[in-house]
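Numbering (full-length UniProt numbering), first residue to last: 1 to 246. Positions of the beta carbon are idealized from the N, C-alpha and C atoms, including for glycine. Take a look at the structure below.
And the structure:
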């Protein structure tokens with residue numbers, strides 16, 4: 001029978017591969033990563049992909065972006081993000097935190113109950129005004145202390161803001177479509193180009209005023225959790241472009 005997942009992931013579904021108590025390993029998969037839920041911890045492994053806006057295609061790139069994910073998230077969730085763990089051995093017999101040459105890297109995290117995620121709290125009617133107050137205070141304090149993109153940084157420049165929009169149109173166009181779809185796409189692309197010209201000066205002014213900072217960028221309820229009475233934001237990750245936002 002053909003394995004559904006790569007040999008390394010299949011091997012890490014075995015509880016015996018871990019040096020801490022694990023009864024059962026659960027796997028969650030996104031379009032860019034595998035997350036192995038093992039006992040009290042979660043191990044996040046990046047897929048070897050190049051999607052243009054992110055490039056995890058080499059081992060060194062995956063190591064770098066694991067380290068960046070740890071650095072970025074420890075600013076908000078030091079109790080969740082623990083370490084970057086090298087995986088040694090062979091794909092069929094991996095050794096987590098092994099001493100040999102790494103074949104892969106994983107971000108090691110503290111595991112938390114799914115029901116403590118704020119989207120789950122909201123779904124059962126448990127989200128309270130006090131939780132929103134905690135979140136607002138946390139975000140405000142975070143934005144006040146994070147790094148600001150200086151004049152030398154391309155981040156926040158109109159060209160940098162517009163670049164991923166152009167890339168979106170290029171990628172969509174390559175997928176084809178009928179004449180009607182392509183016509184609508186061309187109209188939307190032209191509108192976006194006009195708005196870029198109209199907003200270029202306000203964008204430059206926002207950067208000069210110090211509003212472009214190394215923020216979260218994906219702060220929705222599924223990326224927040226209630227831990228020890230606090231609202232904790234997590235899952236900030238870096239792609240090829242710096243995570244500097246307005």
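Can you give the Cα-Cα distance for residue i and residue j, rounded to whole angstroms?
i	j	result
residue 99	residue 108	17 Å
residue 145	residue 177	46 Å
residue 11	residue 25	11 Å
residue 36	residue 141	32 Å
residue 76	residue 232	7 Å
residue 167	residue 179	20 Å
residue 57	residue 32	11 Å
residue 84	residue 62	11 Å
residue 97	residue 15	15 Å
residue 88	residue 94	6 Å
If you follow the alpha helix (DSSP H) that residue i is part of, which residue opens it and which one closes it?
i	result
residue 194	179-208
residue 275	Residue coverage of the chain in this structure runs from 1 to 246, which leaves residue 275 outside it and unanswerable.
May I ask which residues mark the beginning and end of the beta strand (DSSP E) holding residue i?
i	result
residue 85	81-90
residue 41	41-46
residue 148	Looking at the DSSP string, residue 148 is not in any beta strand (DSSP E), and its letter there is neither H nor E.
residue 230	230-233
residue 37	33-38
residue 26	25-29
residue 94	93-96
Could you pull the DSSP bridge partners for residue i from this structure?
i	result
residue 160	Note: residue 160 sits in no beta bridge, so no partner.
residue 225	117 and 232
residue 55	50
**Request:** Would you check if the region 194-214 and the region 145-162 touch, i.e. whether three or more CB-CB distances between them fall below 8 Å?
**Result:** Result yes; three or more Cβ-Cβ pairs closer than 8 Å.
**Request:** Examine the Cβ distances between the region 41-49 and the region 116-128 and report whether three or more of them are shorter than 8 Å.
**Result:** no
**Item:** Cβ contact check for the region 218-237 and the region 101-116: 3 or more pairs under 8 Å
**Value:** A contact exists between the region 218-237 and the region 101-116.
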